[in-house]
Every structure is written in C-alpha cells, then in structure tokens.
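Beneath this line is the structure, given in structure tokens, with notes to follow.
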Amino acid sequence: MDALDLLLNRRSIARLSAPAPEGKALENIIRAGLRAPDHGGLTPWRFVIAQGEGLQKLADILVSAATAENSDQAVMDKVSQAPFRAPMVITVIAKVTEHEKVPAFEQHLSAGCAAQAMQMAAVAQGFQGFWRSGKWMFHDVVRDAFGVSGDDQIVGFLYLGTPGCTPMKVPERDLAKFVEFL
Ligand SMILES: Cc1cc2nc3c(=O)[nH]c(=O)nc-3n(C[C@H](O)[C@H](O)[C@H](O)COP(=O)(O)O)c2cc1C
C-alpha cells in the first residue's frame with residue numbers, strides 16, 4: 001500500500017473479527033510503534049498485548065475498576081464485554097523517564113504517535129484497528145493492574161483485527177479552516 005494513500009484515506013473500523021495479526025505482521029506492528037518520534041531517545045513505550053485469555057484478563061481489570069466505583073449493572077455489562085470487540089487489544093502505555101529537556105507531555109505524545117503508527121502498520125497489512133480510551137484508563141485500579149505509576153499514562157487501547165465491514169468514506173475537510181500562515 002502506498003504510504004500517502006494510507007495516510008490520506010485510512011479509516012478506523014470498530015467492527016473487528018478474527019484473525020488478529022500474528023507472526024511477522026504483529027512484529028511489524030510493534031516495530032512501527034517503536035519508530036515513533038522519541039525526543040532524547042527515552043523509548044517511552046510499553047505495549048501490552050491481550051488476545052484469547054488476555055482479553056478476559058483485560059475485562060476482569062475493567063470490571064474491578066467499575067466495581068470499585070460501585071457502577072450500575074449497565075456499566076458492568078459494558079466493561080465486561082468491551083475487550084471482546086476485537087480479537088486483539090494492545091494497551092499502549094507511555095513509560096515516562098524524568099528528563100530536564102523532555103517533559104512527560106512529550107513522552108505521552110510519543111506514545112500516542114506509537115499508537116497511530118501501530119494502527120497504520122495494521123492497515124497497511126490488511127488488518128484494521130480502532131483506538132479507544134475512556135475514563136477507565138485513568139483509573140487507579142487499571143493503572144495498578146498495568147504497573148502504571150507516577151507520570152506514566154495509558155494512552156489508549158488499540159483494538160486490532162480483520163475488518164468486518166467496508167470503511168466509511170473519508171470526510172471532506174476544508175483545509176483553509178485548519179491552516180494559517182504566519
Ligand atoms: C486518544 C484517542 C482516544 C480515542 N478514544 C475513543 C473512544 O474511546 N471511543 C471512540 O469511539 N473513539 C475514540 N477515538 C476515536 C477513534 O479512534 C476514531 O479516530 C474515530 O472514530 C474517527 O474515525 P476515523 O479514525 O476513521 O476518522 C479516540 C481517538 C484518540 C486519538
């Protein structure tokens with residue numbers, strides 16, 4: 001796939017089914033994440049892959065967080081099912097190193113770039129993805145479960161799999177509304 005075509009026309013797809021990327025395709029996805037821009041060479045990334053039983057473990061973590069908040073049954077049902085919307089979920093974590101020139105914000109951005117790069121690498125190989133967040137990724141129960149502390153931050157759950165539908169058309173956007181010249 002042409003790089004520009006990927007960047008200009010990619011869509012996220014929420015409905016994802018098996019197979020998930022594996023082998024060389026999964027390795028390429030991780031390698032793409034590891035090519036995120038990285039001020040100071042701090043490699044501020046952790047990727048936690050959930051598939052199979054891992055999806056149930058992720059659901060259990062989310063349920064524990066929702067239980068800690070005394071959530072109602074509708075929320076419990078939602079979080080217990082959430083990870084099963086794809087055959088693979090990669091939790092993307094910014095692992096922050098204290099550095100005088102590279103604030104935590106930049107390291108969070110770098111992890112976000114990694115998530116995007118991984119999604120693009122999935123699309124380039126015929127898979128699809130959807131980047132999700134939500135309040136649970138900031139919850140202490142979830143942070144603890146992933147060993148996230150201090151300035152570290154879960155920046156997203158990257159759902160990956162095989163597209164179950166055709167992507168929607170890319171929205172037309174008026175460049176003039178977004179671009180200014182100094
Ligand atoms: C940091 C981040 C978190 C996101 N979290 C969610 C989410 O929790 N739920 C959701 O529906 N979309 C979320 N999105 C947006 C989707 O990933 C997706 O970009 C959006 O549905 C637009 O589709 P498109 O990528 O095809 O333009 C998030 C995007 C980013 C960058």
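Oh and the sequence shown: position 92 is 92 in full-length UniProt numbering, straight run, nothing missing.
Yeah, the Cβ is synthetic: ideal placement off N, Cα and C, and Gly gets one too.
Exposed or buried, which one is S142 when buried takes at least 16 other CB atoms within 10 Å? As a first step, residue 142 must be located in the sequence shown, where it is residue number 142. Per the sequence shown, residue 142 should be read as Val rather than Ser. If you draw a 10 Å sphere on the C-beta of V142, you find 16 or more other C-beta atoms in it, and that means buried.
Using a threshold of 8 Å, is the CB atom of V155 nearer than that to any non-hydrogen atom of ligand 1? Taking the sequence shown and counting its residues from 1, one reaches residue 155 at position 155. Result yes, Cβ under 8 Å from ligand 1.
How big is the Cα-Cα spacing for F105 and D2? On the sequence shown, position 105 is the one that residue 105 refers to. On the sequence shown, position 2 is the one that residue 2 refers to. Looking at the backbone, the Cα of F105 and that of D2 are separated by about 31 Å.
Coil, strand or helix - I13 by DSSP: Counted from its first residue, the sequence shown places residue 13 at position 13. Of the three classes helix, strand and coil, the one that applies to I13 here is coil, per DSSP.
CB of L143 to nearest heavy atom of ligand 1: below 8 Å? The count along the sequence shown starts at 1 and reaches residue 143 at position 143. First, the amino acid is wrong: residue 143 is Arg here, not Leu. R143 has its CB no nearer than 8 Å to any heavy atom of ligand 1.
Three-way DSSP call (helix, strand, coil) for G150 in this model: Mapped onto the sequence shown, residue 150 falls at position 150. In the structure shown, G150 sits in coil (DSSP, three-state: anything other than H, G, I, E or B).
For ligand 1, I want to know if residue 197 counts as a neighbour, meaning its beta carbon is within less than 8 Å of at least one of the ligand's heavy atoms. Since the first residue of the chain shown is 1 and the last is 182, residue 197 is not available in this structure.
Quick one: residues in its chain with C-beta nearer than 8 Å to the C-beta of I93, no 5 flanking neighbours on either side, listed in chain order? Here residue 93 corresponds to residue number 93 of the sequence shown, with the count starting at 1. Leaving aside the five residues that flank I93 on each side, the residues in its chain whose CB is nearer than 8 Å to its CB run, in chain order, W45, R46, F47, V48, A111, F146, V148, D152, Q153, I154, V155.
Those residues which DSSP pairs with F157 across a bridge: Reading the sequence shown from its first residue, position 157 is the one you call residue 157. Residue pairing by DSSP puts F157 in a beta bridge opposite T91, R132.
Who are the near neighbours of A32 in its chain, counting only those whose CB is closer than 6 Å to its CB and skipping five residues on each side? Counting from 1 along the sequence shown, the entry for residue 32 is found at position 32. Contacts found: A117, M118, A121.
Who pairs with V48 in a beta bridge, going by DSSP? Position 48 of the sequence shown holds residue 48. Within the DSSP bridge table, the entry for V48 names T91 as partners.
If you follow the alpha helix (DSSP H) that D77 is part of, which residue opens it and which one closes it? Reading the sequence shown from its first residue, position 77 is the one you call residue 77. Where D77 is concerned, the enclosing alpha helix (DSSP H) stretches over 73-81.
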